[in-house]
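Trainee: Going down the list, the sequences are from chains A and B.
Be aware that the first sequence starts at 7, since it is given in the working numbering, and climbs by one per residue.
Be aware that the second sequence starts at 6, since it is given in the working numbering, and climbs by one per residue.
In this text, a Cβ means the ideal position worked out from N, Cα and C, and glycines have one as well.
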Amino acid sequence: MGSTQKDVQVSYDVSNDFFRLWLDERMNYTCGVFEGTDNLEEAQVKKLNIIHDFAHLSPDKRVLDIGCGWGANIEFMALDKGVKDVHGVTLSPAQFEEIKRRNIPGVTAHCGNFFDYEPAEKFDALTSICMIEHVCSPEEARNGKAVELYRNYFKRAHAITKKGAWFGLQSILRNFVPRSQKDIRDIGWVTYAIFPGGITPRMEEIVQAVNPYWEIMEVKTRREDYGKTCWHWRDRLRKNEALIKDKWGTQVFDDYDRYLSACVTGFEKHYQSLAQWSLRRID
Amino acid sequence: MHTDDQIIELFRAAVKEVDGKDLGAITRETEISDLGLDSVMTMEVIGVLEEKLDMRFPDEDLATLKRIGDLTTLVRKMAA
Chain A
7 MGSTQKDVQV
17 SYDVSNDFFR
27 LWLDERMNYT
37 CGVFEGTDNL
47 EEAQVKKLNI
57 IHDFAHLSPD
67 KRVLDIGCGW
77 GANIEFMALD
87 KGVKDVHGVT
97 LSPAQFEEIK
107 RRNIPGVTAH
117 CGNFFDYEPA
127 EKFDALTSIC
137 MIEHVCSPEE
147 ARNGKAVELY
157 RNYFKRAHAI
167 TKKGAWFGLQ
177 SILRNFVPRS
187 QKDIRDIGWV
197 TYAIFPGGIT
207 PRMEEIVQAV
217 NPYWEIMEVK
227 TRREDYGKTC
237 WHWRDRLRKN
247 EALIKDKWGT
257 QVFDDYDRYL
267 SACVTGFEKH
277 YQSLAQWSLR
287 RID
Chain B
6 MHTDDQIIEL
16 FRAAVKEVDG
26 KDLGAITRET
36 EISDLGLDSV
46 MTMEVIGVLE
56 EKLDMRFPDE
66 DLATLKRIGD
76 LTTLVRKMAA
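1. So Lys82/B is in the alpha helix (DSSP H); what residue range does that whole segment cover?
2. Leaving out the 5 sequence neighbours to the left and right, which residues in its chain are closer than 8 angstroms to Leu70/B when beta-carbon positions are compared?
3. In this structure, does DSSP put Phe173/A in helix, strand or coil?
4. Quick one: which residues of the segment 30 to 49 of chain B get their C-beta closer than 7 angstroms to a C-beta of chain A? List them in chain order.
5. Using a threshold of 7 angstroms, is the CB atom of Lys251/A nearer than that to any non-hydrogen atom of the ligand MG?
6. For Leu249/A, count neighbouring Cβ atoms within 10 angstroms of its own Cβ and tell me buried if that reaches 16, exposed if not.
7. Go ahead and label Ile56/A buried or exposed: buried means 16 or more other beta carbons lie within 10 angstroms of its beta carbon, across all protein chains shown.
8. Determine the burial state of Glu247/A: buried for a count of at least 16 other Cβ atoms within 10 Å of its Cβ, exposed for fewer.
9. Counting only runs of 3+ residues fully inside the segment 89 to 135 of chain A, write out the beta strand (DSSP E) ranges in chain order.
10. Within a Cβ cutoff of 7 angstroms, which residues of the same chain sit near Thr35/B, ignoring the five residues on either side of it in sequence?
11. Between the beta-carbon of His140/A and the beta-carbon of Tyr219/A, is there less than 8 angstroms?
12. If we cut at 8 angstroms on Cβ distances, does Glu55/B have a partner in chain A?
13. Should the segment 258 to 275 of chain A be regarded as contacting the segment 151 to 162 of chain A, the criterion being three or more beta carbon pairs within less than 8 angstroms?
14. Taking only runs that begin and end inside the segment 216 to 254 of chain A, name each unbroken alpha helix (DSSP H) of 4 or more residues, in chain order.
15. Is any beta-carbon of chain B found at less than 8 angstroms from that of Ser186/A?
16. Would you call the segment 26 to 36 of chain A and the segment 68 to 77 of chain A touching, i.e. three or more CB-CB distances under 8 angstroms?
17. What did DSSP end up calling Ser21/A once you bin it into helix, strand or coil?
18. Can you list the residues of chain B that Phe121/A reaches, using a CB-CB cut of under 7 angstroms?
19. So, for Leu179/A: in the same chain, excluding its five sequence neighbours on each side, which residues have a beta-carbon less than 7 angstroms away from its beta-carbon?
20. If you follow the beta strand (DSSP E) that Ala281/A is part of, which residue opens it and which one closes it?
21. Between Ile190/A and chain B, is any beta-carbon pair separated by less than 8 angstroms?
22. Residues in its own chain within less than 6 angstroms of Asn22/A by CB, not counting five upstream and five downstream?
23. At least one CB of chain A closer than 8 angstroms to the CB of Ile13/B: is that the case?
24. Return the CA-CA distance between Gly170/A and Ile288/A, expressed in angstroms with no decimal places.
25. Mind checking who Glu36/B pairs with in its DSSP beta bridge?
26. Looking at Thr236/A: is its Cβ nearer than 8 angstroms to the Cβ of Leu266/A?
27. To the nearest angstrom, report how far apart Val153/A and Glu22/B are at their CA atoms.
28. Looking at Pro65/A and Val89/A, is the spacing between their C-beta atoms short of 8 angstroms?
29. What's the call for Thr43/A, buried or exposed, on a 16-neighbour Cβ count within 10 Å?
30. Buried or exposed, going by whether 16 or more other CB atoms sit within 10 Å of the CB of Glu49/B?
31. Please tell me whether Phe182/A has its Cβ less than 8 angstroms away from any Cβ of chain B.
32. What would DSSP say about Leu42/B, mapped onto helix, strand or coil?
33. From the DSSP output, read off the bridge partner residues of Gln192/A.
34. When the Cα of Ala84/B is compared with those of Ser44/B, Leu58/B, Asp64/B, which residue comes out closest?
35. Roughly how many whole angstroms lie between the Cα atoms of Pro1/A and Val51/A?
36. Which residues of chain A have a Cβ atom closer than 7 angstroms to the Cβ of Leu64/B, listed in chain order?
See the structure below:
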């Protein structure tokens with residue numbers, strides 16, 4: 007079952023203006039790609055280009071972005087790449103409000119659970135940037151349900167696509183269990199307090215779960231890129247410390263500083279990594 | 006190559022370092038869950054043990070450890 011709407015609201019509905027202060031201008035809340043740049047805005051566009059290419063998109067394609075956040079990727083596909091038929095689904099009401107505010111031509115968005123989403127017509131391509139982390143809860147992972155739940159996600163993705171579809175997927179990966187008390191407690195706190203109901207998958211779980219629906223055509227891991235992304239987010243957060251404390255309170259600032267610091271450490275020490283996947287539908 | 010007794014002694018020292026307590030008699034048959042360590046402490050003890058042995062255990066092997074004997078078997082397998 008993973009994250010409920012109530013869980014997702016804890017993660018993403020603090021305030022759109024709060025996230026706007028420390029994310030890039032498009033509001034990507036996922037790993038950027040720092041190839042040939044140290045600039046967060048550019049790194050996020052590089053990431054969006056990679057996912058676009060991994061999904062084999064072109065302007066004539068009908069595409070769904072699963073877990074579309076505040077609309078960074080659907081806006082990029084529609085405006086920067088000229089894709090004519092772009093759809094997004096998010097479970098967060100605050101993110102949905104931001105997408106409506108952007109009023110992007112050629113884009114429709116739906117606020118609800120991906121598993122209940124019934125499109126009027128099947129898609130040529132899918133993208134999903136770090137939504138799969140909400141598909142399985144820590145309790146379900148402990149009970150051995152992870153592969154079954156991820157497979158259900160890929161089954162649903164298969165059901166709503168046409169033959170020949172491609173899927174550009176990005177996911178955080180759970181790699182190595184921390185051994186120090188501080189790191190164990192910090193990572194556990196991030197899991198339960200900042201992203202309740204979700205857990206990052208292990209790479210081998212995804213490799214198992216895509217079958218028999220999707221073929222893995224390409225995978226690229228980007229552990230260091232995500233560490234750098236989190237460093238930039240924390241840097242921007244700290245530069246806005248006074249404003250954040252004034253508008254949202256000291257606790258919000260302290261919690262997000264602790265969370266982003268735990269992430270910087272987590273990627274540095276291999277507790278977490280990130281993967282970008284190009285998947286081809288098995289017809 | 007460490008003997009089972011040497012590995013058990015290193016484990017005992019790791020628990021002392023993390024939790025400050027002296028374990029009573031432990032054997033290969035002792036259940037790790039009976040030692041009064043919570044899950045965080047257990048991982049800390051594993052971390053100290055890894056440092057002393059200069060090895061790193063795969064997470065999936067750690068998930069299967071139930072008795073001290075499982076740990077000594079894992080250490081010997083890793084060293085082989």
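Mentor: So, to answer that:
1. It spans 73 to 84 - the alpha helix (DSSP H) in which Lys82/B sits, taken as one unbroken run.
2. Answer for Leu70/B: Ile37, Leu76, Leu79, listed in chain order.
3. Correct three-state label for Phe173/A: strand.
4. Interface annotation for the segment 30 to 49 of chain B against chain A: Val45, Met48, Glu49, criterion Cβ-Cβ distance under 7 angstroms.
5. As far as ligands go, the structure on display features none, and thus does not contain the ligand MG.
6. The residue in question, Leu249/A, is exposed, as its Cβ has fewer than 16 Cβ neighbours within 10 Å.
7. It is buried - the Cβ of Ile56/A has at least 16 other Cβ atoms within 10 Å.
8. Glu247/A is exposed by the Cβ-count criterion.
9. If you keep only unbroken beta strand (DSSP E) runs of at least 3 residues inside the segment 89 to 135 of chain A, you get 91 to 96, 113 to 117, 129 to 135.
10. Counting only Cβ-Cβ distances below 7 angstroms, and skipping sequence neighbours, we find Arg72, Ile73.
11. In this structure, His140/A sits away from Tyr219/A, with a CB-CB distance that is not shorter than 8 angstroms.
12. Glu55/B belongs to the set of residues whose beta carbon lies under 8 angstroms from a beta carbon in chain A.
13. Contact fails: fewer than three Cβ-Cβ distances are below 8 angstroms.
14. Here the runs fully enclosed are 229 to 245, 247 to 254.
15. Yes, Ser186/A lies at the interface with chain B (some Cβ there is under 8 angstroms from its Cβ).
16. Note that the segment 26 to 36 of chain A touches the segment 68 to 77 of chain A; at least 3 beta-carbon pairs, one per stretch, sit closer than 8 angstroms.
17. Coil, per DSSP.
18. Near Phe121/A there are no residues of chain B at all, since even the closest Cβ is about 29 angstroms away, more than 7 angstroms.
19. Answer for Leu179/A: Thr206, Pro207, Arg208, Met209, Gln278, Ser279, Leu280, Ala281, listed in chain order.
20. That run of the beta strand (DSSP E) goes 278 to 287.
21. Judged by the 8 angstroms Cβ criterion, Ile190/A is in contact with chain B.
22. Same-chain partners within the cutoff: Ala100, Glu104.
23. Cβ-Cβ to chain A under 8 angstroms: no for Ile13/B.
24. Those two C-alpha atoms are separated by around 8 angstroms.
25. DSSP lists Arg72/B as the beta-bridge partner residues of Glu36/B.
26. The amino acid at residue 236/A is misidentified as Thr; the sequence shows Cys. Yes, they are a contact pair.
27. Roughly 37 angstroms between the two C-alpha positions.
28. In contact: Val89/A and Pro65/A (Cβ atoms closer than 8 angstroms).
29. The residue in question, Thr43/A, is exposed, as its Cβ has fewer than 16 Cβ neighbours within 10 Å.
30. With 16 or more Cβ atoms within 10 Å of its Cβ, Glu49/B is classed as buried.
31. Closer than 8 angstroms to some Cβ of chain B, the Cβ of Phe182/A qualifies, so yes.
32. When secondary structure is reduced to three states using DSSP, Leu42/B falls in the coil class, being assigned neither helix nor strand.
33. Rather than Gln, the amino acid found at residue 192/A in this sequence is Asp. Residue pairing of Asp192/A in beta bridges, as defined by DSSP: absent, with no partner found.
34. Of the listed residues, the one whose Cα sits closest to Ala84/B is Leu58/B.
35. Since the first residue of chain A shown is 7 and the last is 289, residue 1/A is not available in this structure.
36. Inspection of the sequence shows that residue 64/B is occupied by Asp rather than by Leu. Under a criterion of Cβ atoms nearer than 7 angstroms, the residues of chain A adjacent to Asp64/B are, in order, Phe182, Val183.
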